[in-house]
Amino acid sequence: MPQGFQYGPTDPLEPVFFAMPSRGEVLGTISVPSLVDKGEPREWAGLIALEGEDWTSLYSAAPDVPTEVLRPIARRAGVHVYLDTGDAVWANGSLLAVHALTAGDKHIRLPHPADVSDPATGSPIGTQAAEFTVAMTAGETRRFTLTGVR
């Protein structure tokens, strides 16, 4: 997450629930104007990650956590991330779908190399590809068939 990255509502949100962590990593802070007015600290823990042996828990005081925040946390937890963009992805072992939020090239990484094809045209896109790039328009949804996964 870039330094100074902000998310959440622009209007004051009350009540605000924030964490007082005795453990976990504080990833972001939240300013609570009503508490500052009472002489309380200016910033409180607002985004916290707590890791267990085989799990990661995330708490955010602000709603609508953006993908820019979730993506690095997911990676750190060992989750495969198909795209570095905010596009919607649906995947199972043999089918992948991408809905483009914005226009442009979409660089898609697969969890395992596979033969990739376009089921609408039958055209091959890659053979035992670990990643591939496709151009998409905003609002477009594309499906890809994955076979030969090893």
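Counting from 1 along the sequence shown, just add 20 to a position and that's the residue number in this note's numbering. Where a beta carbon is used, it is the ideal one built from N, C-alpha and C, also for glycine. Note that this is a predicted model, so its numbers are computed, not measured.
Between residue i and the rest of its own chain, which residues show a CB-CB distance below 8 Å, the 5 nearest in sequence each way excluded?
i	result
residue 94	101
residue 151	127, 128, 129, 130
Where does residue i sit, in a helix, a strand or coil, going by DSSP?
i	result
residue 78	strand
residue 165	strand
residue 43	coil
residue 86	coil
residue 97	coil
residue 129	strand
residue 139	coil
residue 144	strand
Give me the residue from the options with the minimum Cα distance to residue i.
i	options	result
residue 158	74, 110, 118	118
residue 115	86, 64, 167, 80	167
residue 98	42, 125, 74, 143	74
residue 141	121, 165, 124, 112	165
So residue i packs on residue j, CB below 8 Å; how close in whole Å?
i	j	result
residue 138	residue 145	6 Å
residue 34	residue 49	So it is not a contact: roughly 17 Å between Cβ atoms.
residue 83	residue 28	7 Å
Using a Cβ-Cβ cut-off of 6 Å (strictly less than) and excluding sequence neighbours within five positions of residue i, which residues of its own chain qualify?
i	result
residue 135	147, 167, 168
residue 46	65, 68
residue 77	70
residue 163	117, 139
residue 161	119
residue 87	106
Among the residues of its own chain, which have a CB less than 7 Å from the CB of residue i, if the five just before and after it don't count?
i	result
residue 132	169, 170
Buried or exposed, going by whether 16 or more other CB atoms sit within 10 Å of the CB of residue i?
i	result
residue 89	buried
residue 72	exposed
residue 107	buried
residue 156	buried
residue 42	exposed
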